[in-house]
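K.L.:
Chains as they are written, first to last, in full-length UniProt numbering: chain A, 1 to 345; chain B, 1 to 345.
Think of the CB as a built atom: it goes at the ideal place given N, C-alpha and C, for glycine as much as any other residue.
Number of protein chains: 2
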Amino acid sequence: MPEKRKITLKDIARELNISVSTASRALKEHPDIADETIRIVKAYAKEHHYVPNVLAVNFRKNRTYNIGLIVPELVHHFFSTVISGAIDTAKKHGYNVLVSQSNDILDDEITACRTMLASSVDGLLISISNETFEGEHIKEFLAEGKPVIQFDKITDELETPKVTVDDFEGAYQAVKHLIGQGYSKIAHIRGRKEVKNANERAEGYHKALEDHGLEYSSDWVKVCNMINEEEGYQFARELMESPNPPDAIFCITDLVALGVLKYLKEAGFRVPDQVGVMGFSNWKLAEIVNPTLSSIDQHGYEMGVNAAKMLIHNINNPEKREEENLMLKTNLIIRESSNRKKFQN
Amino acid sequence: MPEKRKITLKDIARELNISVSTASRALKEHPDIADETIRIVKAYAKEHHYVPNVLAVNFRKNRTYNIGLIVPELVHHFFSTVISGAIDTAKKHGYNVLVSQSNDILDDEITACRTMLASSVDGLLISISNETFEGEHIKEFLAEGKPVIQFDKITDELETPKVTVDDFEGAYQAVKHLIGQGYSKIAHIRGRKEVKNANERAEGYHKALEDHGLEYSSDWVKVCNMINEEEGYQFARELMESPNPPDAIFCITDLVALGVLKYLKEAGFRVPDQVGVMGFSNWKLAEIVNPTLSSIDQHGYEMGVNAAKMLIHNINNPEKREEENLMLKTNLIIRESSNRKKFQN
DNA sequence: CTGTTAGCGCTTTCAC
DNA sequence: GTGAAAGCGCTAACAG
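1. If distances are taken between C-alpha atoms only, which option among 25(B), 202(B), 300(B) comes closest to residue 86(B)?
2. Please return the same chain residues whose Cβ sits closer than 6 Å to the Cβ of residue 204(A), not counting the five positions on each side in sequence.
3. What residues in its chain sit with their C-beta under 6 Å from that of residue 185(A), if we drop five residues either side in the sequence?
4. Does residue 335(A) pass the burial test, meaning 16 or more other C-beta atoms within 10 Å, or should it be called exposed?
5. In terms of residue numbering, what span does the alpha helix (DSSP H) encompassing residue 303(B) cover?
6. Can you give me the Cβ contacts of residue 216(A) inside the same chain, cut-off strictly under 6 Å, excluding the 5 residues immediately before and after it?
7. Using a beta-carbon distance cut-off of less than 8 Å, what residues from the stretch 247 to 266 of chain B approach chain A?
8. Provide the residue span of the alpha helix (DSSP H) that contains residue 105(B), from first to last.
9. CA-CA distance, residue 281(B) and residue 341(B)?
10. In this structure, what does DSSP give as the bridge partners for residue 162(A)?
11. Starting from residue 77(A), follow its DSSP beta bridges and name the residues at the other end.
12. At a CB distance below 8 Å, what residues from the stretch 188 to 216 of chain A approach chain B? Give them in sequence order.
13. Using DSSP with H/G/I as helix, E/B as strand and the rest coil, what is residue 72(A)?
14. DSSP state of residue 12(B), grouped into three classes?
15. So with Cβ pairs under 8 Å, would you call residue 106(A) a contact of chain B?
16. Classify residue 90(B) as buried or exposed, calling it buried when 16 or more other Cβ atoms lie within 10 Å of its own Cβ.
17. State yes or no: is the beta carbon of residue 55(A) nearer than 8 Å to at least one beta carbon in chain B?
18. Could you check if residue 94(B) is buried or exposed, using at least 16 other CB atoms within 10 Å of its CB as the buried criterion?
19. Where does the unbroken beta strand (DSSP E) through residue 347(B) begin, and where does it stop?
20. Using a 10 Å radius around the Cβ and a threshold of 16 neighbouring Cβ atoms, would you call residue 268(B) buried or exposed?
21. Using the beta-carbon count (16 or more within 10 Å), is residue 1(B) buried or exposed?
22. Can you tell which of 254(A), 116(A), 144(A) has the C-alpha that lies nearest to the C-alpha of residue 6(B)?
23. Using the Cα positions of residue 128(B) and residue 72(B), report the straight-line distance between them to the nearest angstrom.
24. Please check if any C-beta of chain B sits within less than 8 Å of the C-beta of residue 102(A).
25. Check this for me: beta carbons of residue 27(A) and residue 56(A), under 8 Å apart or not?
26. Express the C-alpha separation of residue 34(B) and residue 20(B) in angstroms, rounding to a whole number.
27. Which residues, taken in chain order from the stretch 264 to 291 of chain A, show a beta carbon closer than 8 Å to some beta carbon of chain B?
28. Determine the DSSP secondary structure at residue 351(A), reduced to helix, strand or coil.
29. Indicate the three-state DSSP secondary structure (helix, strand or coil) for residue 18(A) in the structure shown.
30. Would a C-beta distance cut-off of 8 Å place residue 311(A) and residue 67(A) closer than the cut-off?
31. Between which two residues does the alpha helix (DSSP H) containing residue 167(A) stretch?
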């Protein structure tokens with residue numbers, strides 16, 4: 001393995017009997033420099049595999065071309081989709097992405113932010129943890145003039161552009177669809193009240209019931225804490241064993257719906273005939289379960305793409321930064337679990 | 001938002017009437033420096049929120065405390081598990097992780113490597129694409145003295161430590177289990193012949209048949225190209241419609257097994273009574289499908305942890321680098337799809 | 001114990 | 001067109 005010492009501008013300058021500054025400018029095709037000089041320098045650089053020392057350039061320019069990306073969980077279909085979109089986009093613009101996860105723990109998120117700030121990313125993409133409200137650690141970025149974009153799980157406490165999915169509308173469409181399928185006693189297993197998405201979805205649910213003049217009962221709304229399969233199972237049992245059981249359950253997320261389906265199957269309820277089930281997020285699992293699960297697609301990849309685009313725009317244009325929020329449309333995916341009337345939508 | 005200009009060592013030195021080097025050393029509690037000086041400097045630094053300029057430090061030390069991580073696919077349960085382990089470990093050691101994906105396309109992998117090399121990561125963790133054989137782009141890291149660790153999908157063309165799972169043994173155990181369940185005509189839907197893992201698994205399959213004196217037929221071995229659900233479906237059909245159909249199918253991965261299950265269900269075969277099915281990788285979906293899928297757990301998180309540990313060790317100890325490979329044990333997970341005798345193992 | 005000095009590799013005025 | 005020189009912020013060898 002030939003330990004090739006890297007050559008520097010100085011080496012080029014010395015060998016070619018020019019100054020370092022001329023060499024530097026020649027490589028950038030600076031208009032001042034004679035074409036001939038440019039040619040010669042470039043040729044020499046190429047021949048000797050000159051590669052600028054990025055560390056030096058970054059230092060000089062006070063830029064790293066790295067952006068930070070923090071999500072609650074990495075092993076998560078939706079978030080990995082977002083990350084994928086963000087990385088692909090960043091790459092296209094010459095940026096690398098530093099990825100970290102908070103595990104939905106505030107302290108971990110703070111640590112992750114600090115490390116990223118310390119390692120001098122040029123900007124930050126973040127989907128906050130369930131425990132984040134003030135977000136002082138995120139304000140540190142803004143204080144240093146580094147742009148931040150929030151996505152998916154956001155807080156209005158922070159004045160940054162946000163990329164979200166239209167949770168309200170998604171939930172509304174989901175419930176409207178259930179109503180269209182003839183369900184009339186629709187329950188909702190929702191997320192924590194401190195979490196914005198959860199509230200939006202709950203409101204969409206409400207509005208849909210209201211607009212269609214359907215019965216609403218607070219007994220039919222269950223609040224998840226962990227948002228996992230077990231909770232779905234438990235709440236489904238509570239709902240179905242109650243004196244006034246619902247005939248459809250709209251879940252905050254597919255994982256919860258999975259638990260619901262499991263309970264319904266065990267308890268002998270027929271899905272979708274007796275009980276309709278809707279998830280949210282359209283994970284891979286929705287296609288795999290039996291019966292397949294109707295859900296709302298959140299276009300994670302596009303979310304990643306758009307968030308990264310906005311961030312990079314704001315990094316590159318400190319003067320006219322994009323301040324607008326972006327709300328992506330959702331997509332209703334009808335599968336077996338809610339398709340009682342058996343026709344394709 | 002107070003635009004706080006960052007203070008530098010120079011500022012501290014000037015204000016405290018000491019030299020920059022003294023300030024620098026005091027902050028590091030250099031033994032040469034008087035306790036009193038250290039106290040004063042630290043106090044001042046703290047009061048004025050001194051933060052060292054990482055870009056300058058990196059430049060000086062020629063280190064970034066960033067490591068690169070390249071996988072074929074990000075939206076992939078196994079790989080995201082590995083990434084999660086690697087990131088958590090890196091964080092613990094003060095490193096950040098730059099993540100990128102190759103989409104199993106050689107050119108993308110080369111680009112990803114180049115960008116990472118250019119952005120001066122201190123080392124690289126990589127699981128190569130299906131199209132990578134020589135890996136010249138990876139050798140560029142080694143040529144610059146930057147350590148590389150390969151994991152999961154590896155090639156022996158590159159002289160780097162490797163962290164893998166014992167594919168041979170995993171496959172052997174899987175097939176042995178099938179045999180123990182009374183299956184005797186066991187087919188294998190395998191991966192490409194150029195891919196090492198695929199070969200290891202195929203050999204484990206062979207060896208298990210051989211050791212138990214079971215019939216082997218090349219008709220029972222199908223070679224996947226895309227390794228997806230559709231191929232599983234198609235090959236299952238081919239196998240079951242052939243003159244001498246198998247009574248069990250061992251699949252290169254859970255996704256393929258999913259297609260197999262789907263075909264078997266449609267064609268009316270009872271699983272596991274008539275036909276046993278084994279996957280590999282133990283994705284989330286294995287617990288979700290119906291019947292649940294027996295599989296081999298590859299301990300992705302541990303793989304990430306170990307690979308990151310090795311890399312960081314090798315970055316920090318250029319003199320005595322770890323050269324050994326690490327092969328993690330797999331775990332047989334028995335679920336419904338192969339559990340014909342209905343007892344727990 | 002502390003200061004002086006040199007320098008990492010590059011960019012960018014400012015001269016000529 | 002080109003060069004000289006300064007400096008980004010920090011570290012470390014050397015000197016005292």
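P.N.:
Quick answer:
1. Sequence index remark: in the second sequence, residue 86(B) carries index 86 (1-based). The shortest Cα separation from residue 86(B) among 25(B), 202(B), 300(B) belongs to 300(B).
2. For the purposes of this step, residue 204(A) is identified with residue 204 of the first sequence, where counting begins at 1. Cβ within range, chain order: 168, 171, 172.
3. Here the question's residue 185(A) lines up with position 185 in the first sequence. The residues are 246, 247.
4. In the first sequence, residue 335(A) corresponds to position 335, counting from 1. Under this definition residue 335(A) is a buried residue.
5. Along the second sequence, one-based indexing puts residue 303(B) at 303. Taken as a continuous stretch (DSSP letters only), the alpha helix (DSSP H) holding residue 303(B) covers 300 to 316.
6. Numbered from its first residue, the first sequence carries residue 216(A) at position 216. 209.
7. 258
8. For the purposes of this step, residue 105(B) is taken as the residue at position 105 of the second sequence. Looking at the DSSP string, residue 105(B) is not in any alpha helix (DSSP H), and its letter there is neither H nor E.
9. Counting from one through the second sequence, the residue named residue 281(B) turns up at place 281. Counting from one through the second sequence, the residue named residue 341(B) turns up at place 341. Those two C-alpha atoms are separated by around 23 Å.
10. Within the first sequence, numbered from 1, the residue matching residue 162(A) stands at position 162. In DSSP, residue 162(A) forms a bridge with 150(A).
11. Working through the first sequence from its first residue, we reach residue 77(A) at position 77. Its beta-bridge partners do not exist; DSSP assigns none.
12. none
13. Reading the first sequence from its first residue, position 72 is the one you call residue 72(A). Note: residue 72(A) maps to coil in three-state DSSP.
14. The sequence position of residue 12(B) within the second sequence is 12, counting from 1. Note: residue 12(B) maps to helix in three-state DSSP.
15. On the first sequence, residue 106(A) is found 106 positions in, with the first residue counted as 1. Cβ-Cβ to chain B under 8 Å: no for residue 106(A).
16. For the purposes of this step, residue 90(B) is taken as the residue at position 90 of the second sequence. By the neighbour-count rule (16 or more Cβ atoms within 10 Å), residue 90(B) is buried.
17. Taking the first sequence and counting its residues from 1, one reaches residue 55(A) at position 55. So yes, residue 55(A) belongs to the interface.
18. Position 94 of the second sequence, counted from the first residue, corresponds to residue 94(B). By the neighbour-count rule (16 or more Cβ atoms within 10 Å), residue 94(B) is not buried but exposed.
19. Shown here, chain B extends from 1 to 345; a query on residue 347(B) therefore has no answer.
20. Looking up residue 268(B) in the second sequence gives position 268. Exposed is the call here.
21. Position 1 of the second sequence, counted from the start, is the residue given in the question as residue 1(B). Low local confidence applies: a pLDDT of 35 at residue 1(B) is under 50, so the model's placement there is unreliable, and no value is given.
22. Here the question's residue 6(B) lines up with position 6 in the second sequence. Checked all of 254(A), 116(A), 144(A); the closest Cα to residue 6(B) is 144(A).
23. On the second sequence, position 128 is the one that residue 128(B) refers to. On the second sequence, position 72 is the one that residue 72(B) refers to. Their backbone Cα atoms lie some 7 Å apart in a straight line.
24. On the first sequence, position 102 is the one that residue 102(A) refers to. Chain B, which has no Cβ nearer than 8 Å to the Cβ of residue 102(A), makes this no.
25. Against the first sequence, residue 27(A) aligns to sequence position 27. Against the first sequence, residue 56(A) aligns to sequence position 56. No, these two residues do not count as a Cβ contact at 8 Å.
26. In the second sequence, the residue the question calls residue 20(B) occupies position 20. In the second sequence, the residue the question calls residue 34(B) occupies position 34. Residue 20(B) and residue 34(B): Cα-Cα distance of roughly 15 Å.
27. 284, 285, 288, 289, 290
28. Given that chain A is displayed from residue 1 to residue 345, the structure contains no residue 351(A) and the question cannot be resolved.
29. As a working mapping, residue 18(A) is identified with position 18 in the first sequence. Coil at residue 18(A), not helix or strand.
30. The count along the first sequence starts at 1 and reaches residue 311(A) at position 311. The count along the first sequence starts at 1 and reaches residue 67(A) at position 67. Contact flag set, yes.
31. Here residue 167(A) refers to the residue found at position 167 when the first sequence is read from its first residue. Per DSSP, residue 167(A) belongs to the alpha helix (DSSP H) from 167 to 180.
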